[in-house]
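Numbered according to our numbering, the sequence shown spans residues 5 to 214. Positions of the beta carbon are idealized from the N, C-alpha and C atoms, including for glycine. What follows is one structure encoded as structure tokens, with my remarks underneath.
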Amino acid sequence: MELKNITSHEYTLNKEKRCKIKKHKSLLIWLTGLSGSGKSTIANALEIEFFQMNIHTYTLDGDNVRSGLNKDLTFSPEDRSENIRRIAETSKLMLDAGLVVIAAFITPYACDRELVKNIIGFEEVVEIFVDTPLAECERRDVKGLYKKARANEIKNMTGIDSPYENPIKPDITINTLEESLRDSVKRIIEFTIPKIALKKEIESLNQLVH
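This is the structure in structure tokens:
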């Protein structure tokens with residue numbers, strides 16, 4: 005629904021000025037994959053590395069967001085899409101504040117991942133596919149969700165009775181069975197530094213990559 009009589013207010017302090025004082029550009033790093041694939045683990049380790057490099061970050065995680073901002077949403081296809089839309093709009097505000105946002109969400113539908121890029125801008129989104137096989141995700145089953153889904157105790161479980169559409173051309177693909185957490189994080193950082201570094205800061209940031 006399009007609201008009438010809404011006018012955006014342009015403030016004197018903009019994204020460019022906020023990024024300048026933080027000494028890096030803003031960026032959205034979007035981790036997508038099945039439940040239990042390792043998204044949150046990677047996001048946490050990545051944020052720690054960025055913090056040590058004096059890069060201003062914030063991590064948005066599926067369960068954390070659903071316990072507050074999106075606690076009114078179910079796991080129906082429609083609500084899943086609304087969940088992602090709200091997260092994208094929240095991320096956009098954080099990017100405007102000059103932050104590097106790390107988002108860890110299943111994001112099962114290709115159309116929703118496309119929506120994120122349209123809301124944010126394709127040049128400011130890095131899509132990372134955490135490509136852990138379903139069998140391994142079920143073996144881990146930290147939250148016990150797969151067991152409940154197999155027992156028909158919960159519905160709309162991605163990978164069981166709800167589809168996951170693999171990204172066609174993600175910026176980075178990670179297989180946690182073949183690559184260590186440290187190597188995965190290093191690869192992400194090496195890919196993102198050129199995107200977030202201001203021209204005069206790129207050399208110093210590259211020196212901080214572990």
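Please classify residue i as buried or exposed, where buried requires at least 16 other C-beta atoms within 10 Å of its C-beta.
i	result
residue 44	buried
residue 184	exposed
residue 28	buried
residue 55	exposed
residue 186	exposed
residue 136	buried
residue 264	The requested residue 264 does not occur in the structure, where the chain is confined to residues 5 to 214.
residue 188	buried
residue 133	buried
residue 25	exposed
residue 17	exposed
residue 116	buried
residue 148	exposed
residue 125	exposed
Report the residue from the options whose alpha carbon sits nearest the alpha carbon of residue i.
i	options	result
residue 84	194, 97, 67 and 200	67
residue 72	82, 90 and 62	90
residue 194	173, 53, 168 and 159	53
residue 110	88, 124 and 94	88
residue 197	177, 108 and 33	33
residue 104	46, 127, 62 and 119	62
residue 175	200, 163, 130 and 166	130
residue 65	48, 57, 58 and 78	48
residue 191	18, 12, 16 and 46	46
Tell me which residues share the same chain as residue i and place their Cβ nearer than 6 Å to its Cβ, disregarding the 5 neighbours each side in the sequence.
i	result
residue 150	142
residue 121	129
residue 154	none
Which residues in the same chain have their Cβ closer than 8 Å to the Cβ of residue i, if we skip the five residues on either side of it in sequence?
i	result
residue 23	29, 30, 102 and 202
residue 145	40 and 151
residue 220	Given that the chain is displayed from residue 5 to residue 214, the structure contains no residue 220 and the question cannot be resolved.
So with Cβ pairs under 8 Å, would you call residue i a contact of chain C?
i	result
residue 31	Absent from the structure: chain C. Only one protein chain is present.
Helix, strand or coil, according to DSSP, for residue i in the structure here?
i	result
residue 83	helix
residue 106	strand
residue 136	coil
residue 61	strand
Within the same chain, show all residues whose beta-carbon is closer than 7 Å to that of residue i, passing over the 5 residues directly before and after it, in chain order.
i	result
residue 123	92, 93 and 96
residue 80	160
residue 78	none
residue 86	77
residue 74	87 and 90
Legend entry - Contact between the region 169-188 and the region 154-161 (3+ Cβ pairs under 8 Å): no
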